[in-house]
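First up is the structure itself, then whatever we jot down about it.
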Amino acid sequence: MKLFISPGACSLAPHIALREAGAAFDAVKVDLATRKVETGEDFLAVNPSGKVPALTLDSGETLTENPAILLYIADQKPEAGLAPRDGTMDRYRLLSRLSFLGSEFHKAFVPLFTPGTSDEAKAAATTAVKNHLVALDKDLAGKEHYAGADFSVADIYLFVMLGWPAHVGIDMSAYPALGAYCGRIAQRPAVGAALQAEGLI
0 MKLFISPGAC SLAPHIALRE AGAAFDAVKV DLATRKVETG EDFLAVNPSG KVPALTLDSG
60 ETLTENPAIL LYIADQKPEA GLAPRDGTMD RYRLLSRLSF LGSEFHKAFV PLFTPGTSDE
120 AKAAATTAVK NHLVALDKDL AGKEHYAGAD FSVADIYLFV MLGWPAHVGI DMSAYPALGA
180 YCGRIAQRPA VGAALQAEGL I
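Once you know that position 99 of the sequence shown is 98 in numbering that gives the first Met the number 0, the rest is easy, because the numbers rise by one and skip nothing.
Dropping the structure here:
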């Protein structure tokens, strides 16, 4: 498999998941400004939207969008325990969490990372992100994991996005449960390996 990434972007989530699963893969960096991969090829030929992540399978097929990619990885290596069994309520709860992260939470950050965004739009986006952080902090108070009793791909995805607020001027010390949660997730060997591979630590 070949995973197309941009260091620190949401593609870090499947990067961590692949390492957690012990899957064989190559990580290929994409310049999102030029839409070129590090080998010089046109990334738009891989994903016409020009966005990461994209996961090209050994069959030649390509998956995009984190919820789909993360569940694919989990299902290919069920022994890694990254997702509940299909058809169970725990599985649907996980899907609900992934859907929220991939749409509502992720979407709130977009204006903050988009050049030329007006100050008014940035202020509104910051408020939206903080509102989500308040809810997530309350949700994770006294809990080890985000989507059930066990570690899952939802924890990986949330961990990655909780690294973003500090880059847009949001003080994470106001959310102690999230700080403790991130500290626990960061101790996982696969997380450290992915962060190091992307030059983030």
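Heads up, the beta-carbon is just placed ideally off N, CA and C, and yes, glycines get one too.
Do Leu81 and Ala20 have their beta-carbon atoms positioned less than 9 Å apart in this structure?
yes
Throw me the rounded Cβ distance for the Gly144 and Asp154 pair, which I believe falls under 8 Å.
What sits at residue 144 in the sequence shown is His, not Gly. Indeed they touch by this definition, with Cβ atoms about 5 Å apart.
Quick check on the burial criterion: 16 or more other C-beta atoms within 10 angstroms. Buried or exposed for Gly39?
exposed
CB contact flag (Leu111, Thr125, <9 Å):
yes
Ala146 in three-state terms, based on DSSP:
coil
Glu197, buried or exposed, once every other Cβ within 10 Å from all chains shown has been counted against 16:
buried
So the candidates are Leu70, Lys129, Pro13; which of them puts its Cα closest to the Cα of Gly201?
An answer regarding residue 201 cannot be provided, because it is not within the stretch 0 to 200 covered by the chain.
How many Å lie between Thr45 and Thr63 at the Cα?
Rather than Thr, the amino acid found at residue 45 in this sequence is Val. Answer to the nearest angstrom: the Cα atoms are 10 Å apart.
Alpha carbon to alpha carbon, what distance is there between Tyr174 and Asp41?
41 Å
Going by DSSP, which residues form a beta bridge with Ile4?
Lys28
Touching by the beta-carbon criterion (3+ pairs, under 8 Å), the stretch 1-14 and the stretch 51-62
yes
For the beta strand (DSSP E) that contains Ala53, what are its first and last residues?
53-55
Suppose contacts are defined by Cβ-Cβ distances below 9 Å. Is Phe158 in contact with Ala140 by that definition?
no
Given Met0, which residues of its chain have a CB within under 8 Å of its CB, disregarding the five upstream and five downstream residues?
Leu17, Ala22, Ala23, Phe24, Asp25, Leu54, Thr55, Leu56, Asp57
Beta bridge counterpart(s) of Leu62 as assigned by DSSP
Leu54
By a C-beta neighbour count over all protein chains shown, 10 Å radius and 16 as the cutoff for buried, is Tyr91 buried or exposed?
exposed
Determine the contact status of Leu100 and Leu70, defining contact as a CB-CB distance below 9 Å.
no
Could you compute how far the alpha carbon of Ile4 sits from the alpha carbon of Val27?
6 Å
Same chain, Cβ closer than 6 Å to Asp206, five either side skipped, listed in chain order
In the structure displayed, the chain extends from 0 to 200; residue 206 sits before or after that span and is not available.
Determine the burial state of Arg84: buried for a count of at least 16 other Cβ atoms within 10 Å of its Cβ, exposed for fewer.
exposed
If Ala257 sits next to His14, beta carbons under 8 Å apart, how far is it from one beta carbon to the other, in whole angstroms?
Lying outside 0 to 200, the shown extent of the chain, residue 257 is not represented and no answer is given.
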